[in-house]
Structures are given as C-alpha cells and as structure tokens.
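Following: one structure in structure tokens, then a few remarks.
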Amino acid sequence: MSLFRIFDISGSALHAQTVRLNTTASNMANIDSISSSTDQTYRSRQPIFAAQLNEAEEAASGVDVLGIVESQTPLRREYRPDHPLADEDGYINLPNVNPIEEMADMISASRSYQANVEVLNTSKQMMMRTLALGE
Amino acid sequence: MGINFNQALQLHSQALELRSRRTEIMAANLANADTPNYKARDLDFKAAMASAIGAAQPLRVTHINHFLTRSQHPDELLYRTPTQMSLDGNSVDSEQEKAAFTDNALRYQASLRFLGSRVQGLMTAIKGE
Numbered sequence: 000m001s002l003f004r005i006f007d008i009s010g011s012a013l014h015a016q017t018v019r020l021n022t023t024a025s026n027m028a029n030i031d032s033i034s035s036s037t038d039q040t041y042r043s044r045q046p047i048f049a050a051q052l053n054e055a056e057e058a059a060s061g062v063d064v065l066g067i068v069e070s071q072t073p074l075r076r077e078y079r080p081d082h083p084l085a086d087e088d089g090y091i092n093l094p095n096v097n098p099i100e101e102m103a104d105m106i107s108a109s110r111s112y113q114a115n116v117e118v119l120n121t122s123k124q125m126m127m128r129t130l131a132l133g134e
Numbered sequence: 000m001g002i003n004f005n006q007a008l009q010l011h012s013q014a015l016e017l018r019s020r021r022t023e024i025m026a027a028n029l030a031n032a033d034t035p036n037y038k039a040r041d042l043d044f045k046a047a048m049a050s051a052i053g054a055a056q057p058l059r060v061t062h063i064n065h066f067l068t069r070s071q072h073p074d075e076l077l078y079r080t081p082t083q084m085s086l087d088g089n090s091v092d093s094e095q096e097k098a099a100f101t102d103n104a105l106r107y108q109a110s111l112r113f114l115g116s117r118v119q120g121l122m123t124a125i126k127g128e
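In the order they appear, the protein sequences are chains B and P.
Numbering that gives the first Met the number 0 puts the first residue of the first sequence at 0, with every later residue one more than the last.
Numbering that gives the first Met the number 0 puts the first residue of the second sequence at 0, with every later residue one more than the last.
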C-alpha cells in the first residue's frame with residue numbers, strides 16, 4: 000500500500016527542513032564571530048537539497064540533503080584599528096551572514112516543515128480510517 | 000447465486016488505490032517544495048480510473064506510421080503546468096499542492112465511506128438477519 004511510503008517521503012522532508020533550520024541557527028549564532036584572518040572567519044552555511052533517486056523512474060520521491068556548502072560571497076571587513084583581533088592594516092573580518100536572508104530562510108523552512116507534518120497527520124488519519132473499514 | 004466480492008467492491012477499491020497513489024505523489028511534491036530543479040508531478044486521475052475499470056479504449060495502432068498516444072499509458076505521471084516558475088527551476092506551488100492534497104484526502108475518505116457501506120451491505124446479506 001503506497002500510503003506507507005508517505006512516511007518515508009515526508010520524513011525525509013522533515014529531516015531536510017531540520018537541517019536547514021540548523022544551518023540558519025548556526026549562521027545567526029555566528030553572525031558576530033569576528034576574526035583577523037580571512038581563512039578562519041565563519042562563512043554562511045547553506046544546505047543543498049536534491050530529490051531522491053528511485054530505481055523506478057515513475058515512483059514519487061523524497062528529498063535528500065546532499066551536503067552543506069559555505070557561501071563564497073566576500074566577507075565583511077571593518078576598519079577597527081583598536082580591536083584586539085585587527086590585522087596589520089587595522090581591519091577585522093566579519094562573517095558573510097545576511098540576517099535578513101537567514102530570517103526569510105528560517106520562515107520558509109518552518110512553513111515547509113509544518114506542511115509536511117500536516118501531510119503526515121492526514122495520511123495517518125486516512126490509514127486509521129482504512130484499518131477501521133467495515134466495522 | 001453467489002456473491003461476487005470483486006464485482007461488489009471493484010470500483011471503490013480501485014478508486015482507493017488510485018487515491019492513495021495520488022496522495023503519495025502530492026506528499027512527494029510538498030516534500031520537494033524547496034528542491035532546486037524539481038518539477039511538480041500529478042496523475043491524470045480520470046484517465047487512470049477509466050483504464051482501471053476497463054472503460055478506456057486505447058487507440059489501436061494498426062499501421063506502422065501510427066503514433067503511440069498517451070492514452071495508452073494512463074498511469075504515467077505527468078508534469079504540472081507551472082503557474083509561476085521560480086529561479087531555481089522548481090515548479091512546486093505549495094498552496095496549490097496543499098489544496099490538491101486536502102481535496103484528494105477528502106475524496107479518499109469518501110471512497111472509503113462508500114466501500115464501508117458496501118461491506119456492511121454484504122455483511123447484512125451474509126447474516127440474513
């Protein structure tokens with residue numbers, strides 16, 4: 000019965016959205032993690048989603064998190080010569096996290112999460128009703 | 000004359016099966032609402048149902064130059080026409096999918112109710128009370 004597969008499909012989506020919320024949390028937490036070298040500065044992390052591959056092309060598929068990549072947009076640099084972590088030119092490096100983008104991403108992730116929970120709930124109800132058939 | 004269970008339940012049990020398949024497809028669409036390059040899919044329920052109950056007459060290929068038409072694969076998953084394409088190539092409209100999912104779930108429960116009444120009818124006939 001294909002209703003059972005919905006638990007795998009929506010479950011994978013719940014996992015993917017949780018990963019996305021986690022990266023958002025990490026980005027927001029590290030928004031002020033300053034450093035003197037560009038290599039050591041925290042960079043915004045983004046998950047990469049991809050539809051799961053199925054042996055049967057026609058079957059519906061869940062979602063996979065392929066990995067988490069670091070954003071390559073340039074770091075913010077601020078001239079703060081009095082800062083203890085300033086480099087020889089007097090600059091400090093701030094992470095390339097954009098708080099507005101992160102907030103929008105967080106809202107989108109939580110809405111998607113809710114939608115998938117709703118799907119799971121409805122499917123469960125449908126299965127329970129089916130099990131009670133003929134009573 | 001014996002009771003033919005298949006005949007008594009056929010239509011609704013097949014509707015249920017197709018509905019549950021469609022539920023799965025909608026769930027997959029909603030799961031992939033944020034996946035780049037994912038295209039929303041759906042089932043042509045009317046064609047699939049017609050083929051399931053044997054009402055559809057597929058086009059016959061009687062000549063080598065005749066094309067196979069889609070009506071010969073009514074179970075095939077189709078792609079939804081996007082209302083608004085997004086930049087990442089995803090064509091899932093979550094609101095549309097949610098509405099379709101709810102609609103489908105309701106129709107599933109309606110079929111289930113019909114099937115339940117059939118079963119109860121059969122039980123009454125069997126018990127003969």
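Positions of the beta carbon are idealized from the N, C-alpha and C atoms, including for glycine.
Cβ-Cβ distance between residue i and residue j below 8 Å
{"i": "S109 of chain B", "j": "L13 of chain B", "result": "no"}
{"i": "V118 of chain B", "j": "F100 of chain P", "result": "yes"}
{"i": "T82 of chain P", "j": "D92 of chain P", "result": "yes"}
{"i": "R74 of chain B", "j": "T22 of chain B", "result": "Residue 74 of chain B is actually Leu in this sequence, not Arg. Contact flag unset, no."}
{"i": "K38 of chain P", "j": "S90 of chain P", "result": "yes"}
{"i": "V76 of chain B", "j": "G89 of chain B", "result": "Position check: residue 76 of chain B holds Arg in this sequence, whereas Val was assumed. For R76 of chain B and G89 of chain B, no; Cβs fall outside 8 Å."}
{"i": "V62 of chain B", "j": "A15 of chain B", "result": "yes"}
{"i": "R106 of chain P", "j": "L76 of chain P", "result": "no"}
{"i": "L84 of chain B", "j": "S35 of chain B", "result": "yes"}
{"i": "Q13 of chain P", "j": "I52 of chain P", "result": "yes"}
{"i": "Q51 of chain B", "j": "S11 of chain B", "result": "yes"}
{"i": "Q119 of chain P", "j": "G133 of chain B", "result": "yes"}
Cut-off 7 Å between Cβ atoms - residues of its own chain near residue i, not counting five sequence neighbours on either side
{"i": "I30 of chain B", "result": "P94, V96 and P98"}
{"i": "Y70 of chain B", "result": "In the sequence as displayed, the identity of residue 70 of chain B is Ser instead of Tyr. Hits under 7 Å: R42, S43, Q45 and N95."}
{"i": "A11 of chain P", "result": "According to the sequence shown, residue 11 of chain P is His rather than Ala. Answer for H11 of chain P: S110, F113, L114 and R117, listed in chain order."}
{"i": "H82 of chain B", "result": "I91"}
{"i": "N103 of chain P", "result": "R18, R21, T22 and M25"}
{"i": "M125 of chain B", "result": "L2"}
{"i": "S9 of chain B", "result": "N115, V118 and L119"}
Contact list for residue i against chain P, beta-carbon separation under 8 Å
{"i": "I8 of chain B", "result": "E23, A26, A27 and A30"}
{"i": "L2 of chain B", "result": "S19, T22 and E23"}
{"i": "S43 of chain B", "result": "Per Cβ cutoff of 8 Å: no residues; S43 of chain B is ~17 Å from chain P at best."}
Residues that residue i bridges to, as DSSP identifies them
{"i": "F135 of chain B", "result": "Outside the shown range of chain B (0 to 134) lies residue 135 of chain B, about which nothing can therefore be said."}
{"i": "E146 of chain B", "result": "A query on residue 146 of chain B cannot be resolved here, the shown segment of chain B reaching from 0 to 134 and no further."}
{"i": "E77 of chain B", "result": "B:I91"}
{"i": "R40 of chain P", "result": "P:Y78"}
{"i": "S34 of chain B", "result": "B:N92"}
Interface partners of residue i on chain P, CB under 9 Å
{"i": "M125 of chain B", "result": "R18, S19, T22, A104, Y107, Q108 and L111"}
{"i": "G61 of chain B", "result": "A26, A27, A30 and N31"}
{"i": "S70 of chain B", "result": "Residues of chain P passing the Cβ test: none, with the nearest at roughly 16 Å."}
{"i": "A103 of chain B", "result": "Per Cβ cutoff of 9 Å: no residues; A103 of chain B is ~12 Å from chain P at best."}
Chain-ordered neighbours of residue i on chain B, where CB pairs are closer than 8 Å
{"i": "S93 of chain P", "result": "R110, S111 and A114"}
{"i": "Q119 of chain P", "result": "G133"}
Contact set between residue i and chain B, taken where Cβ atoms lie within less than 7 Å
{"i": "L114 of chain P", "result": "L132"}
{"i": "T34 of chain P", "result": "F48, A49, A50 and V62"}
{"i": "K97 of chain P", "result": "A114"}
Cut-off 8 Å between Cβ atoms - residues of its own chain near residue i, not counting five sequence neighbours on either side
{"i": "P35 of chain P", "result": "D87, G88 and N89"}
{"i": "T17 of chain B", "result": "Y112"}
{"i": "D7 of chain B", "result": "G61"}
Integer-rounded CB distance, given that residue j should sit under 8 Å from residue i
{"i": "N115 of chain B", "j": "A98 of chain P", "result": "So it is not a contact: roughly 16 Å between Cβ atoms."}
{"i": "F48 of chain B", "j": "D33 of chain P", "result": "6 Å"}
{"i": "A27 of chain P", "j": "A59 of chain B", "result": "3 Å"}
{"i": "N26 of chain B", "j": "E101 of chain B", "result": "5 Å"}
{"i": "R128 of chain B", "j": "Q108 of chain P", "result": "6 Å"}
Neighbour list for residue i in chain P, Cβ cutoff strictly below 7 Å
{"i": "R128 of chain B", "result": "Q108 and L111"}
{"i": "V118 of chain B", "result": "A26, L29 and F100"}
{"i": "I5 of chain B", "result": "T22, E23 and A26"}
Amino acids of chain B, ordered along the chain, whose beta-carbon sits closer than 9 Å to that of residue i
{"i": "Y78 of chain P", "result": "Ordered by position in chain B, no residue passes the 9 Å Cβ test against Y78 of chain P, which lies about 12 Å from the chain."}
Residue i beta carbon near the ligand GDP (any heavy atom closer than 7 Å)
{"i": "H65 of chain P", "result": "Among the ligands in the structure shown, none appear at all, so the ligand GDP cannot be discussed."}
6 Å Cβ shell around residue i - same chain, five flanking residues per side excluded
{"i": "L15 of chain P", "result": "S110"}
{"i": "V64 of chain B", "result": "A15, V18 and P46"}
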